[in-house]
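See below for the structure under consideration.
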Amino acid sequence: METTDGLENSVVFHVVKEIIGFILYMHHQIPSVLQHLECEFDNLKNEHKELEKVVLPPAEQKASFQRKHNLKIREVKQGIKKLEKLMHAISTFLSAFQVILDQIPDADGVILVLGGSLIRPQHVYELTFSRSGIACRSEYGLNRDRVAEILSKKAIRALISTGAGGATYAGPMKLFLLVKAPVTFNLPMHFLPKRDFTYSKKVTILLCFQYIIHYFFLFF
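Each residue of the sequence shown is one higher than the one before, counting from 56 in the working numbering.
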């Protein structure tokens with residue numbers, strides 16, 4: 056069954072999310088790949104809930120057992136606190152991107168910029184999505200999730216082949232996400248406009264670059 060004539064926004068969102076996680080990890084901005092961080096954070100929160108519900112039996116209510124139990128709760132809380140700010144920032148960033156995709160059904164390009172500012176980017180990556188010629192056909196097992204997985208792997212392989220990432224830590228950087236939008240797009244009030252975005256000729260684009268019409272940006 057043919058469900059779409061082109062890439063759906065759910066696929067675009069998944070691919071961009073995977074690329075963001077890869078770029079942040081390769082440039083030493085996060086301690087592990089995004090998927091692992093999400094699993095670790097969810098596991099810690101679930102473990103904390105289970106520990107809070109535990110009622111020690113009489114045989115284990117001695118001070119030594121109670122101390123061990125409290126120590127475990129403290130360790131889990133510290134793990135949650137360590138990741139909480141980062142995961143909240145990533146979640147907010149991706150939620151904002153989802154808002155934009157919902158308002159621009161035919162968004163077909165994004166630029167990811169790493170650096171202290173948009174004026175002096177250190178790394179620039181552009182992804183251009185075709186909105187025609189690709190269909191999700193369930194009878195062949197090629198559903199949305201499979202399409203997203205294939206495209207994510209292809210984009211990451213392209214980044215690896217171009218030498219994305221750095222061998223050393225270059226310090227904390229901001230991640231800017233610019234989404235190609237028509238000039239008639241009604242920009243949400245809480246997003247910052249950035250029309251006709253350009254960057255230094257010295258910066259090498261590590262993914263396919265085609266053209267720039269009009270951009271607005273989010274930052275992480």
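Note that CB positions come from ideal geometry on N, CA and C, so glycine has one too. None of the values given here were measured: they were computed from a predicted structure.
Is the beta carbon of residue j closer than 8 Å to that of residue i?
{"i": "Leu106", "j": "Lys137", "result": "no"}
{"i": "Gly134", "j": "Lys229", "result": "no"}
{"i": "Leu167", "j": "Ile85", "result": "no"}
{"i": "Leu182", "j": "Val71", "result": "yes"}
{"i": "Ala210", "j": "Gln177", "result": "no"}
{"i": "Phe240", "j": "Ile174", "result": "no"}
{"i": "His103", "j": "Val131", "result": "yes"}
{"i": "Val110", "j": "His124", "result": "no"}
Which of the three DSSP states, helix, strand or coil, is assigned to residue i?
{"i": "Glu139", "result": "helix"}
{"i": "Thr239", "result": "coil"}
{"i": "Leu223", "result": "The sequence given here has Thr at residue 223, not Leu. In this structure, Thr223 counts as coil in the three-state DSSP scheme."}
{"i": "Thr183", "result": "strand"}
{"i": "Leu164", "result": "In the sequence under discussion, the amino acid at residue 164 is Gly, which differs from the Leu named in the question. Strand, per DSSP."}
{"i": "Leu126", "result": "helix"}
{"i": "Gly218", "result": "coil"}
{"i": "Leu149", "result": "helix"}
{"i": "Gly171", "result": "coil"}
Please look up how many angstroms separate the CB atoms of residue i and residue j, rounded, as I've assumed it's under 8 Å.
{"i": "Ala203", "j": "Val66", "result": "5 Å"}
{"i": "Asn64", "j": "Leu156", "result": "4 Å"}
{"i": "Ser207", "j": "His69", "result": "7 Å"}
{"i": "Asp48", "j": "Phe184", "result": "Because the chain spans 56 through 275 in this model, residue 48 falls outside it and cannot be assessed."}
{"i": "Arg78", "j": "Leu141", "result": "In the sequence under discussion, the amino acid at residue 78 is Ile, which differs from the Arg named in the question. About 15 Å; that fails the 8 Å criterion."}
Any heavy atom of the ligand GDP closer than 7 Å to the CB of residue i?
{"i": "Ile155", "result": "Judged by which ligands are present, the structure shown has none, so any question about the ligand GDP falls away."}
Next item on the list: Spell out a yes or no on whether the segment 141-152 and the segment 205-215 are touching, meaning 3 or more CB-CB pairs, one atom from each, closer than 8 Å.
Entry: no
Next item on the list: Only counting runs of 4 or more residues, tell me where the alpha helix (DSSP H) segments fall wholly within the segment 63-120, in order along the chain.
Entry: 64-81 and 89-108
Notebook entry, point to check: Does the count of Cβ pairs from the segment 93-108 and the segment 231-238 closer than 8 Å reach three?
Noted result: no
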